[in-house]
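Here my numbering is used: position 22 in the sequence shown is 606, and no number is missing along the way. All residues carry an ideal CB built from backbone N, CA and C; glycine is no exception.
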Amino acid sequence: MARLTLHIAAFLMVFAILAGCDPITRHKVLSTVFDGVPTLPPPEEICTQYADAKLTEYKEELAGAKKAAEAGDVTNGSVHQPYDEKKCDNCHDKSKDDGLVRPAKQLCLMCHKDFFKDKGHYQHGPAAVGDCLACHVPHNSAYTSLLKVDRKNICDLCHKEQRAALGLHNKVAERKMVCADCHNPHYGTTSFFLK
């Protein structure tokens, strides 16, 4: 009896993971396993609902950012232009499983193809492999440059190591400077991307 319960629990866990939150994936899994699953609304309707929800979320984030700015914590939100103009098809393809016109690590360079052209010998790891989403979000952000977090904390998402020139970096932190004040976050002509 315990084995049967364990098998059922494992099946339900795998089923839940496969179903996920994405309505299209969930529908594929459910319709494969069960008969009589209702058809999905047209993809345009799903995308419109998603875009409207994201727009509402963005407006709430901006309202929060505005309150923070009024309180002295200056934050400027940002919106990716194609997203703002509802040009979802520039990046998204409803017919593909991942929903993107190209793999994520190639997607940004479709429009930003000259971003690294003649910019220096050194490139930051994520930028060098096209992993823009390590630091940026694709649609909108409460922070400048579509950053995941504010400029003061963005580098700490990955860089947990002890800093070289610790005395200098401590003084920089005391003066409320950020890494990008001295280091280019994408590329450079010197090691450590110094400006």
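Helix, strand or coil for residue i, going by three-state DSSP, please let me know.
i	result
Ser775	helix
Asn754	helix
Ser662	strand
Ser679	coil
His770	coil
Tyr667	helix
His720	strand
Ala593	helix
Leu588	helix
Leu624	coil
Spatial neighbours of residue i within its chain, please: C-beta separation below 8 Å, excluding the five flanking residues on both sides.
i	result
Pro769	His708, Ala711, Cys719, Ile738, Cys739, Cys763, Phe777
Lys732	Cys719, His720, Val721, Ser725, Ile738, Leu741
Thr616	none
Quick one: residues in its chain with C-beta nearer than 6 Å to the C-beta of residue i, no 5 flanking neighbours on either side, listed in chain order?
i	result
Cys716	Cys692
Tyr727	Asp734
Asp657	Interpretation of Asp657 is limited by its pLDDT of 46, a score under 50 that renders its predicted location unreliable; the figure taken from the coordinates is listed afterwards. Closer than 6 Å at the Cβ level, and outside the excluded window around Asp657, lies no residue.
Gln633	none
What is the C-beta distance between residue i and residue j, in whole angstroms, given that I count them as a contact (C-beta under 8 Å)?
i	j	result
Pro666	Asn674	4 Å
Are residue i and residue j close, meaning C-beta to C-beta below 8 Å?
i	j	result
Gly704	Gly772	yes
Leu730	Ser662	yes
Val713	Lys744	no
His823	His723	Given a span of 585 to 779 for the chain in the structure shown, any question on residue 823 remains unanswerable.
Who are the Cβ neighbours of residue i in its own chain at under 7 Å, not counting the five residues just before and after it?
i	result
Ser775	Tyr706
Asp668	none
Exercise for the section: Evaluate the contact criterion for the stretch 682-700 versus the stretch 616-628: three or more CB pairs, one atom per stretch, below 8 Å. Expected result: no
Exercise for the section: Taking 8 Å as the threshold, find out whether the stretch 748-762 comes into contact with the stretch 692-707 through three or more Cβ pairs. Expected result: no
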